[in-house]
Amino acid sequence: MGPPFRYKNDEVCMLRSLSLLGLALAAVASVLMLSPARAAAPAPNVILILVDAMRADKLGPYGYTARATTPNLSRFASRGVVFENTISQAGWTVPSVASLFTGVDPQAHRVLRYQQTSRVEMDALSLGHQTIAEQFKNAGYSTAAIMKSIVVDSGRGFSQGFDTFNVINPKQNQADGDSGRELTDAAVAWLEQQKTAGKPFFGYLHYMDTHSPYKAPEPYYSKYRAPGYAGPVSGAHMQIENDYKKPGVVPAAADIQQALALYDSEVEYWDAQFGRLMQVLVSTGLDANTIVVVTADHGEAFWEHGTNVFHEHLYQENIHIPFIVKAPGVKPGRLSHWTQSIDIAPTLADLAGVPKGAHWQGRSQAAVLKGTGPATVLPVYAEYSERRTIIEPSGMKLLLGDPSGPMLFDLKKDPGEKTNLAAAQPDVVNRLKGLLEVRSSEGKALAASFPMEEKNEMSPEQVQQLCALGYLSGAVCEGK
Ligand SMILES: [Zn+2]
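Going by my numbering, the residue at position 327 of the sequence shown is 318; the numbering climbs one at a time, nothing skipped.
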């Protein structure tokens, strides 16, 4: 067993050397001060940033080198800890964010899907949960959600614990145009208020830039498009949907490259906004005592397994998400054990000294971050509709619910999930099925703790947005 932290680049090593130098100087200073007064450290602030559909392997801190789209995120990551192997609990936004907020699996919170008949209804989050925002609010924090997603909305229980729940320009297409700038402007204004508010804060920011449509503002939109490309891919969600979500339709390589180029442009546009936010943290003097986490609700597929845009599969391109933490007292580094979205709430609570929710299933990563304990090595789980997946610490991954039957992949040898080992290794399939059963039983037992809320009818604006984002189609979208 090696040390829990693996330093991978010179920059991190240099930071480590500088921090050791800083520690040495601090030690000298404390000796020179004969009776140092040690005031209690103020409670740290928290900013939890979720970027919708931002898959990990398209980011610099996760080894993406084809385009340098994340200079600000990479700089941030060099000051924090990169969890290399984190998966979201679900393949799409609503159940995934519900898990992030409540610390429990989708089968425990049961906020899973909308029903589309003559009207559109969506599952609501039970008010019986102890959400991460409630835990921070009860501990004396000022709490705010600043959102560019309207499918995670206050009318369905998601605003539990937030003093402010600000969905910005909900009538616009939330993933289009200058969405990230608008959200960052609102976040900056809120941070300026917090500077003199006299209490610590917990902020949740939900960006939509990397969700389709891929229409970043210029100069980003045109930056990576292939010169002379004459195919149909423009970044418009419905165009990709209409042209390619048909059985047997396989896009040309140039079309896939075009979609990836436009996605990378969105990543770079978001990164610029993230950089602006990080600069404001420094200029307001808040940086040193603020924990910042960057994550996503799910990834995005570019036909690696025959599909794109929609997140109904549980292959790694859809569930491998970033999880990067910068926190006071946490040394930069990288951690490679498996973690999951529901670990984020208990980790933040422990780092800030705030009580965790009684039902939370996630495991706190605070001890390994602070170097006071080992990594907790356990299986991780995700679901989408009838599909279920579990990954054991060895990297063996079982996928159930596909019409073709069980699938087993060895992620260490086959990270692209190309070779199904289920027929060759039935004993491993059975072992992982057993783990999946244990997890399912745990989730189902927990579900009884939370009274089911009534489904809520979506507003006309929400239906319009769901149509524009491609979640809904057919008659309900016509004439909108
Ligand atoms: Zn999403």
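Ideal placement from N, C-alpha and C gives every residue a C-beta, glycine not left out.
Run through DSSP, which three-state label would residue i get?
{"i": "HIS289", "result": "coil"}
{"i": "MET387", "result": "strand"}
{"i": "GLU112", "result": "strand"}
{"i": "HIS311", "result": "strand"}
{"i": "ASP262", "result": "helix"}
{"i": "PHE400", "result": "strand"}
{"i": "ILE361", "result": "In the sequence as presented, Ile is not what sits at residue 361; that position holds Lys. Helix, per DSSP."}
{"i": "ASN129", "result": "helix"}
{"i": "LEU460", "result": "coil"}
{"i": "MET269", "result": "helix"}
{"i": "SER117", "result": "coil"}
{"i": "THR338", "result": "helix"}
{"i": "ARG172", "result": "helix"}
{"i": "PRO33", "result": "coil"}
{"i": "VAL19", "result": "Unreliable positioning characterises VAL19 in this predicted model, as indicated by a pLDDT of 43, which lies under 50. The coordinate reading is nonetheless provided below. In the structure shown, VAL19 sits in a helix (DSSP, three-state: H, G or I)."}
{"i": "GLU469", "result": "coil"}
{"i": "LEU25", "result": "The pLDDT assigned to LEU25 is 38, lower than 50, so where the model puts this residue is not dependable; a value taken from the coordinates is nonetheless given after this. Three-state DSSP puts LEU25 in coil, outside helix and strand."}
{"i": "GLY344", "result": "coil"}
{"i": "TRP351", "result": "coil"}
{"i": "LYS206", "result": "coil"}
{"i": "ALA178", "result": "helix"}
{"i": "GLU408", "result": "coil"}
{"i": "GLN453", "result": "helix"}
{"i": "ALA366", "result": "coil"}
{"i": "SER274", "result": "helix"}
{"i": "PRO442", "result": "coil"}
{"i": "LEU12", "result": "Because LEU12 sits at a pLDDT of 44, beneath the cut-off of 50, its placement in the model cannot be relied upon, and the following sentence gives the value as read from the coordinates. Reduced to three states, the DSSP call for LEU12 is helix."}
{"i": "GLU303", "result": "coil"}
{"i": "ALA250", "result": "helix"}
{"i": "PRO52", "result": "helix"}
{"i": "ALA221", "result": "coil"}
{"i": "ASP255", "result": "helix"}
{"i": "ALA414", "result": "coil"}
{"i": "GLU295", "result": "coil"}
According to DSSP, residue i sits in a beta bridge with which residue or residues?
{"i": "GLY194", "result": "ILE38, ALA135"}
{"i": "GLN331", "result": "ILE78"}
{"i": "ILE504", "result": "Nothing can be reported for residue 504, as the shown portion of the chain is limited to -8 through 471."}
{"i": "GLU472", "result": "Shown here, the chain extends from -8 to 471; a query on residue 472 therefore has no answer."}
{"i": "GLY324", "result": "VAL72"}
{"i": "ASN157", "result": "ILE137"}
{"i": "VAL284", "result": "LEU39, VAL316"}
If you follow the alpha helix (DSSP H) that residue i is in, where does it begin and where does it stop?
{"i": "SER213", "result": "211 to 214"}
{"i": "PHE67", "result": "62 to 69"}
{"i": "LEU426", "result": "417 to 438"}
{"i": "VAL240", "result": "Unbroken run through VAL240: none, as it is neither H nor E."}
{"i": "LEU91", "result": "84 to 93"}
{"i": "GLN98", "result": "97 to 100"}
Could you give the C-beta distance for residue i and residue j, rounded to a whole number, given that I count them as a contact under 8 Å?
{"i": "GLY148", "j": "SER117", "result": "7 Å"}
{"i": "PRO313", "j": "ALA47", "result": "5 Å"}
{"i": "GLY353", "j": "PRO337", "result": "5 Å"}
{"i": "THR201", "j": "TRP261", "result": "6 Å"}
{"i": "ARG58", "j": "ASP255", "result": "5 Å"}
{"i": "HIS350", "j": "SER440", "result": "6 Å"}
{"i": "PHE92", "j": "ILE123", "result": "6 Å"}
{"i": "HIS296", "j": "HIS304", "result": "6 Å"}
{"i": "ILE141", "j": "ALA178", "result": "The pair is not a contact, with the Cβ atoms about 17 Å apart (cut-off 8 Å)."}
{"i": "ASP96", "j": "TYR372", "result": "6 Å"}
{"i": "ASN280", "j": "PRO319", "result": "6 Å"}
{"i": "LYS348", "j": "ALA99", "result": "For the record, residue 348 in the displayed sequence is Gly; it is not Lys. At roughly 12 Å, the Cβ-Cβ gap does not stay under 8 Å, so GLY348 and ALA99 are not in contact."}
{"i": "ALA343", "j": "PRO35", "result": "5 Å"}
{"i": "LYS475", "j": "VAL258", "result": "Limits of the chain in this structure are -8 at one end and 471 at the other, which puts residue 475 out of reach."}
{"i": "THR330", "j": "GLN356", "result": "6 Å"}
{"i": "ALA287", "j": "ALA44", "result": "7 Å"}
{"i": "ARG101", "j": "MET443", "result": "6 Å"}
{"i": "GLU448", "j": "VAL111", "result": "7 Å"}
{"i": "LYS361", "j": "GLY71", "result": "LYS361 to GLY71, Cβ: 13 Å. No contact."}
{"i": "ILE381", "j": "LEU412", "result": "In fact, because the Cβ distance is near 15 Å, the residues do not count as touching under 8 Å."}
{"i": "SER327", "j": "GLU75", "result": "5 Å"}
How far does the beta strand (DSSP E) with residue i in it extend, from its first residue to its last?
{"i": "ILE315", "result": "314 to 317"}
{"i": "PHE149", "result": "Careful: PHE149 lies outside any beta strand (DSSP E) and carries neither H nor E."}
{"i": "THR187", "result": "That residue, THR187, is in no beta strand (DSSP E); it is neither H nor E in DSSP."}
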